[in-house]
Amino acid sequence: MEGLTTADGRRLAYKRAGTGPTLVCHGGGPGFSALYLGNLSGLDDRLELVLLDPRGTGGSDRPADPRAYTIEDYASDVEELRAHLGLERISLLGHSHGGMVATAYASRYPERVERLVLASTLVRWAPEQEAAMEEAVASHSDEPWYAEAKTALETEQAGAFATDEELGELAIQEMPFYFASYGDKERAYLETLRADTPNADTLRFFNQEIFETFDLRPELEKITAPTLVVTGSEDFITGPPSAAEIEQGIADVVKVVIPGAGHFIFVEAPEAFGEAVVSFLGVPSAA
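Its first residue numbered 79, the sequence shown is counted upward by one per residue in my numbering.
Spelled out as structure tokens, the structure:
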């Protein structure tokens, strides 16, 4: 892991993977490190990925202020990372909550973003997405994991966890909902995530004080970078309704909906996801 020291004295950790044009990557949760992103379905074969551990996760220090987990706080860290890397402009990918951060960053620093990838994300919690989530959850009611996953999802969203470890266990239990189809490949992927202990403080803060009221739609018109919006057709929480709302607000935008994929599109549809990203970034085809 590499790192930098922020203006307020925190360590921000990141790692580089692969060679090629640089793509800065910010994952989600909030509260999870870059571990779950892996190599983003092999994008490191054609790109240099700079995978940031968001504040308070992985190798990155927690802020002294327990409330310093706003979307704007995370966006400020991206700007410090850009300056540290010595890049005048960056291509930036944000997944899930990281997509919210990337949206805020690209609207706040439009001159610093060359290209923007918003993957499996949203700009507000819209009624249409609420309805889609309820329908998707109910569609799995005959699965053997359903009862445990539904209880875990409700517990997590209510913020009813006391420790990082409790949140980590809840996250694993609820994750089947995040896939279009939950089979052996998805189970194996989740097992790799047990090595990551999430940050309960930031997710609790997000659930209780941000999730139901945030609205980034006014920021979209400030984004000048060409933007790729990509999601899975079966993503139960940031699916097609959310992607359509983002598409409507950005001037220079391409939208890709990957059939038969859920929230972790780079796990369930690695080839389609990878091709969408490298094509958008204009990376030459692999030999």
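Every residue gets a Cβ at the ideal spot worked out from N, C-alpha and C, and that includes glycine.
Please read these numbers as outputs of a predicted model, since none were measured by experiment.
* Whole-angstrom distance between Phe283 and Arg160, CA atom to CA atom -> 26 angstroms
* Asked: Can you give the Cα-Cα distance for Thr135 and Leu281, rounded to whole angstroms?
  -> 11 angstroms
* **beta strand (DSSP E) segments (min. 3 residues) lying fully within the stretch 83-159** => 89-95, 100-104 and 126-130
* Contact under 9 angstroms by Cβ, Phe342 with Trp203 -> no
* To do: Measuring alpha carbon to alpha carbon, tell me which of Asp86, Pro319 and Cys103 ends up nearest Leu194.
  => Cys103
* Asked: Considering only C-alpha positions, which residue in the set Glu226, Glu269 and Pro348 is nearest to Leu113?
  -> Glu269
* To do: Taking 9 angstroms as the cut-off, decide whether the C-beta atoms of Pro188 and Asp155 are in contact.
  => no
* Alpha carbon to alpha carbon, how far is Arg124 from Leu359? -> 11 angstroms
* List the endpoints of the continuous alpha helix (DSSP H) containing Ala214. => Pro205 to Ser217
* Under the rule that 16 or more other beta-carbon atoms within 10 Å means buried, what is Pro304, buried or exposed? -> buried
* Just how far apart, CA to CA, sit Pro99 and Ala225? -> 44 angstroms
* When the Cα of Asp143 is compared with those of Glu158, Gly96 and Arg88, which residue comes out closest? -> Arg88
* Asked: Using CA coordinates, which residue listed in Leu90, Gly340, Ser119 and Met79 is at the minimum distance from Val356?
  -> Ser119
* To do: Using three-state DSSP, classify Ser357 as helix, strand or coil.
  => helix
* Are the Cβ atoms of Leu39 and Val201 separated by less than 9 angstroms? -> As displayed, the chain neither begins before 79 nor continues past 365, which places residue 39 out of reach and without an answer.
* Answer with buried or exposed for Ser174, where buried requires no fewer than 16 other C-beta atoms within 10 angstroms of its C-beta. => buried
* Asked: What do you reckon, are the CB atoms on Phe255 and Ala227 nearer than 9 angstroms?
  -> yes
* Asked: Of the choices Phe314, Gly106, Leu115 and Thr84, whose alpha-carbon is the least far from that of Lys93?
  -> Leu115
* Asked: Based on Cα-Cα distance, which residue from Pro348, Ser311, Val307 and Glu264 lies nearest to Met178?
  -> Val307
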